[in-house]
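Asks: The structure follows.
Chains as they are written, first to last, in the numbering used here: chain A, 278 to 568; chain B, 695 to 714.
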């Protein structure tokens with residue numbers, strides 16, 4: 278992209294990281310501000326190095342949860358990068374994204390959304406429509422829209438992101454399961470309960486296949502066990518397999534653990550909603566044991 | 695509200711402007 282952070286700024290950045298990681302913001306902030314002043318004197322305000330320095334200082338504020346201050350600095354950095362690097366530069370897309378994140382952290386989803394959309398347009402133009410970074414941007418956009426209740430758009434963005442992740446990174450990539458979970462939460466809001474249920478089952482089945490290689494009578498994903506227990510409880514033929522074995526199933530299944538745990542709980546909640554209490558308890562027990 | 699907060703936490707930062 279034609280710009281490289283000069284060595285002295287890298288050193289300064291690393292030093293600032295050290296101070297910030299120790300919580301010594303009273304050192305980090307003045308250090309950044311002095312460097313900014315010096316840079317502006319030597320290079321002028323509209324220089325990519327100044328944008329870099331503004332970015333570094335913005336991170337220091339961000340890490341203190343001072344999102345408004347961080348956004349102010351990033352806005353300035355954005356303006357400089359647009360002027361000096363070009364409006365479609367990847368650094369401009371990244372800055373737009375990060376501004377959107379800062380607005381999102383403050384609950385300003387309506388303001389964040391157009392920034393995120395602009396970042397998406399640039400990424401699609403530069404990287405192509407099916408790049409994993411485009412999927413990341415779609416995911417951020419979906420999250421912002423979901424917090425505004427725009428579920429039709431959310432569904433579209435998550436579906437696109439999912440297609441990209443599956444095609445480019447494969448079905449076992451952690452982003453696939455995370456996006457399916459998010460899409461399922463959107464489906465729930467839309468009343469598409471069956472679609473949500475299917476996604477949760479897909480996640481658990483994929484985790485199962487990754488660990489055990491197949492689905493057959495001897496190796497069933499946990500949700501199949503849960504539904505069988507539900508059926509048996511209705512016919513009063515109790516399955517003697519103790520719950521702890523399902524915790525064992527889960528422990529053996531280390532893929533995407535937090536996501537799989539969330540999925541177990543979400544599908545359990547869905548079962549509960551459907552009155553399938555035995556099935557719900559099976560998954561809830563499994564989720565609890567694996568936490 | 696909790697779900698909104700969870701989604702806020704999922705927003706992904708882009709570090710590429712400061713990677714080298």
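We put the beta carbon where it would ideally sit given N, CA and C, even for glycine.
Taking any Cβ of chain B, which residues in the segment 418 to 440 of chain A have a Cβ under 8 Å from it, in chain order?
Replies: Cβ contacts with chain B come from 420, 421, 423 and 424.
Asks: Let me know if residue 293 of chain A comes out buried or exposed under the rule of 16 or more other beta-carbons within 10 Å of its beta-carbon.
Replies: Per the 10 Å Cβ criterion, buried.
Asks: Provide the residue(s) that pair with residue 493 of chain A in DSSP beta bridges, ordered along the chain.
Replies: Looking at the DSSP assignment, residue 493 of chain A forms a beta bridge with A:496.
Asks: Which runs of the alpha helix (DSSP H) spanning at least 4 residues fall entirely within the segment 288 to 347 of chain A, listed in chain order?
Replies: Segments of the alpha helix (DSSP H) lying fully in the segment 288 to 347 of chain A: 302 to 320 and 325 to 340.
Asks: Is the Cβ of residue 219 of chain A closer than 8 Å to any Cβ of chain B?
Replies: Lying before the first or after the last residue shown, residue 219 of chain A is absent from chain A, which here runs from 278 to 568.
Asks: One question on the structure: do residue 400 of chain A and residue 410 of chain A come within less than 8 Å of each other, judged by their Cβ atoms?
Replies: Yes, they are a contact pair.
Asks: Can you tell me where the alpha helix (DSSP H) with residue 549 of chain A in it begins and where it stops?
Replies: Per DSSP, residue 549 of chain A belongs to the alpha helix (DSSP H) from 534 to 550.
Asks: Please determine, among A:450, A:322 and A:366, the residue with the shortest C-alpha to C-alpha distance to residue 350 of chain A.
Replies: Considering only alpha carbons, the answer is A:322.
Asks: Can you list, in chain order, the residues of its chain with a C-beta nearer than 7 Å to that of residue 532 of chain A? Leave out the 5 residues immediately preceding and following it.
Replies: Note on residue 532 of chain A: pLDDT 45, under 50, position unreliable in the model; no value is reported.
Asks: Between the alpha carbons of residue 695 of chain B and residue 473 of chain A, how many angstroms are there, rounded?
Replies: Using only the alpha carbons, I get a separation of about 21 Å.
Asks: Compute the beta-carbon to beta-carbon distance between residue 499 of chain A and residue 481 of chain A, rounded to the nearest angstrom, for a pair I have assumed lies under 8 Å.
Replies: That belief holds up - the Cβ atoms of residue 499 of chain A and residue 481 of chain A are roughly 6 Å apart, short of 8 Å.
Asks: Can you find a C-beta in chain B that's less than 8 Å from the C-beta of residue 545 of chain A?
Replies: Chain B, which has no Cβ nearer than 8 Å to the Cβ of residue 545 of chain A, makes this no.
Asks: With distances taken between CB atoms, is the gap from residue 397 of chain A to residue 414 of chain A smaller than 8 Å?
Replies: Going by C-beta atoms, residue 397 of chain A is nearer than 8 Å to residue 414 of chain A.
Asks: When you compare only the Cα positions, how much space is there between residue 340 of chain A and residue 443 of chain A?
Replies: Computed Cα separation, rounded: 33 Å.
Asks: Does the beta-carbon of residue 325 of chain A have 16 or more other beta-carbons within 10 angstroms, so that it is buried, or is it exposed?
Replies: By the neighbour-count rule (16 or more Cβ atoms within 10 Å), residue 325 of chain A is buried.
Asks: Among the residues of its own chain, which have a CB less than 6 Å from the CB of residue 381 of chain A, if the five just before and after it don't count?
Replies: Contacts found: 389 and 421.
Asks: Could you work out which residues of chain B lie near residue 381 of chain A, taking near to mean beta carbons separated by less than 7 Å?
Replies: By Cβ distance, chain B contributes 702 and 705.
Asks: Comparing C-alpha positions only, which one of A:405, A:534, A:545 and A:460 sits nearest to residue 445 of chain A?
Replies: Of the candidates A:405, A:534, A:545 and A:460, the one whose C-alpha sits nearest the C-alpha of residue 445 of chain A is A:405.
Asks: I'd like to know if residue 533 of chain A contacts chain B, where contact means its C-beta is closer than 8 Å to some C-beta of that chain.
Replies: No answer about residue 533 of chain A holds up, because its pLDDT of 48 lies below 50 and its placement is not dependable.
Asks: So, helix, strand or coil for residue 373 of chain A, using DSSP?
Replies: Reduced to three states, the DSSP call for residue 373 of chain A is helix.
Asks: Count the C-beta pairs between the segment 705 to 714 of chain B and the segment 556 to 563 of chain A that are closer than 8 Å, then say yes if the count reaches three, no if not.
Replies: No, because fewer than three Cβ pairs between the segment 705 to 714 of chain B and the segment 556 to 563 of chain A fall closer than 8 Å, the two stretches do not touch.
Asks: Could you work out which residue in A:355, A:432 and A:456 is closest to residue 467 of chain A when comparing CA atoms only?
Replies: Minimum Cα distance to residue 467 of chain A is reached at A:432.
Asks: What three-state label does DSSP hand residue 355 of chain A in the structure shown?
Replies: Helix, per DSSP.
Asks: Can you round the beta-carbon distance between residue 327 of chain A and residue 313 of chain A to whole angstroms, since I take them to be within the 8 Å contact cut?
Replies: Residue 327 of chain A to residue 313 of chain A, Cβ: 7 Å. Contact.
Asks: How would you write the range of the alpha helix (DSSP H) that residue 439 of chain A sits in, first residue to last?
Replies: Taken as a continuous stretch (DSSP letters only), the alpha helix (DSSP H) holding residue 439 of chain A covers 428 to 446.
Asks: According to DSSP, is residue 512 of chain A helix, strand or coil?
Replies: Here residue 512 of chain A sits in coil by DSSP.
Asks: According to DSSP, is residue 425 of chain A helix, strand or coil?
Replies: Three-state DSSP puts residue 425 of chain A in coil, outside helix and strand.
Asks: Start and end of the alpha helix (DSSP H) containing residue 554 of chain A?
Replies: Element bounds for residue 554 of chain A: 554 to 567.
Asks: Looking only at its chain, what residues have a beta carbon closer than 7 Å to the beta carbon of residue 402 of chain A, apart from the 5 residues adjacent to it on each side?
Replies: Closer than 7 Å at Cβ, skipping near neighbours: 365.
Asks: Using Cβ-Cβ distances below 9 Å, what residues of the segment 300 to 324 of chain A are close to chain B?
Replies: Answer in chain order: no residues at all.
Asks: Only counting the same chain, and skipping five residues up and downstream in sequence, which positions put a Cβ closer than 8 Å to that of residue 506 of chain A?
Replies: Only 516, 555, 556 and 559 meet the Cβ criterion.
Asks: Taking all protein chains shown into account, do 16 or more other C-beta atoms lie within 10 angstroms of the C-beta of residue 285 of chain A, making it buried, or fewer, making it exposed?
Replies: By the neighbour-count rule (16 or more Cβ atoms within 10 Å), residue 285 of chain A is not buried but exposed.
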